[in-house]
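Engineer: In UniProt numbering, the protein residues as written are 1 to 176.
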Amino acid sequence: MPRRLVTDRLTLRPPTRDDASSIWAYASDPVATRYMVWPTHVDRDDVDDHLDDVADGWAAGDDFAYVIALSDPGDVVGMVSAQFSDDGVEIGFIVARAHQRRGIATEAATAVMQAVQSLDDVYRIWASSDADNPASAGVLRGLDMQFEGCLRRRSARPNRADVIGPQDDHIYAWVR
Ligand SMILES: CC(C)(COP(=O)(O)OP(=O)(O)OC[C@H]1O[C@@H](n2cnc3c(N)ncnc32)[C@H](O)[C@@H]1OP(=O)(O)O)[C@@H](O)C(=O)NCCC(=O)NCCS
């Protein structure tokens, strides 16, 4: 995958240590992280561990996480990722609360999808969303993905205090 993707409003690139404060801002937000499968960050070490994991993914060549930076003025407002496995390529995204509902996730994920779609040997790009997460569903519908179904009680949601046990996942996919 390219290390840099540029859209009308955004630059996508691998994170650096200088992005730690921006990542902390959304990763420690209980609202922004409510539906994520990873726990809300409670400690700056959580960000360091996350950055180590992201660097490992780029080095291994199978998990490509990009920070979403506004082209002007350059603020980092979220992250979008493409993880390659035998199940296809899984897309994920998060946008800081102050920047939501401006089309940023759609614009960023579209750029990543297009880069993945340019690879001839990729036949499936998919995403998994908490069944209760309308924002994620909104993005995925806009990405030319189709709803495939519900995998019941599939994923732990460590940041939801309102539910008990694993929650239902909605699966969306684009296939060649
Ligand atoms: C999901 C998330 C990334 C969407 O980011 P965003 O930049 O606000 O999304 P967009 O502005 O591109 O919106 C895309 C579509 O979703 C809809 N949408 C966005 N937020 C919504 C909400 N809270 N409720 C209902 N629909 C919503 C938009 O209206 C838009 O639909 P449209 O094209 O028909 O107008 C953001 O809400 C977020 O980070 N949430 C927390 C993390 C998360 O849930 N990640 C997904 C895990 S799979």
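Glycine included, every Cβ here is placed at the ideal spot set by N, Cα and C.
Taking 8 Å as the cut-off, decide whether the C-beta atoms of Q125 and W174 are in contact.
Structural biologist: Position 125 of the sequence shown, counted from the first residue, corresponds to residue 125. Position 174 of the sequence shown, counted from the first residue, corresponds to residue 174. The amino acid at residue 125 is misidentified as Gln; the sequence shows Ile. Going by C-beta atoms, I125 is nearer than 8 Å to W174.
Engineer: Taking C-alpha atoms, which residue in A127, V42, T106 and L70 lies nearest to F84?
Structural biologist: As a first step, residue 84 is located in the sequence shown; it is residue number 84 there, counting from the start. The residue with the shortest Cα to Cα distance from F84 is A127.
Engineer: Within 7 Å: the Cβ of M36 and any heavy atom of ligand 1?
Structural biologist: As a first step, residue 36 must be located in the sequence shown, where it is residue number 36. Indeed, a heavy atom of ligand 1 lies less than 7 Å from the Cβ.
Engineer: Shorter than 7 Å, the distance from the beta carbon of S134 to the closest heavy atom of ligand 1, or not?
Structural biologist: Residue numbering aside, residue 134 sits at position 134 when the sequence shown is read from its first letter. According to the sequence provided, residue 134 is Pro. The question's Ser does not apply to it. The answer is yes for P134.
Engineer: Just tell me which of V42, D62 and E107 has its CA closest to the CA of S71.
Structural biologist: By 1-based counting over the sequence shown, the position of residue 71 is 71. The residue with the shortest Cα to Cα distance from S71 is E107.
Engineer: Is A20 closer than 8 Å to L51 when the C-beta atoms are compared?
Structural biologist: The count along the sequence shown starts at 1 and reaches residue 51 at position 51. The count along the sequence shown starts at 1 and reaches residue 20 at position 20. Contact flag set, yes.
Engineer: Got a sec? Which residues, its chain only, sit under 6 Å from D168 by beta carbon, not counting five neighbours each side?
Structural biologist: As a first step, residue 168 must be located in the sequence shown, where it is residue number 168. The residues are A131, C150 and R152.
Engineer: Using beta-carbon positions only, say whether A69 and T11 come within less than 8 Å of one another.
Structural biologist: Residue numbering aside, residue 69 sits at position 69 when the sequence shown is read from its first letter. Residue numbering aside, residue 11 sits at position 11 when the sequence shown is read from its first letter. A contact, by the Cβ cut-off of 8 Å.
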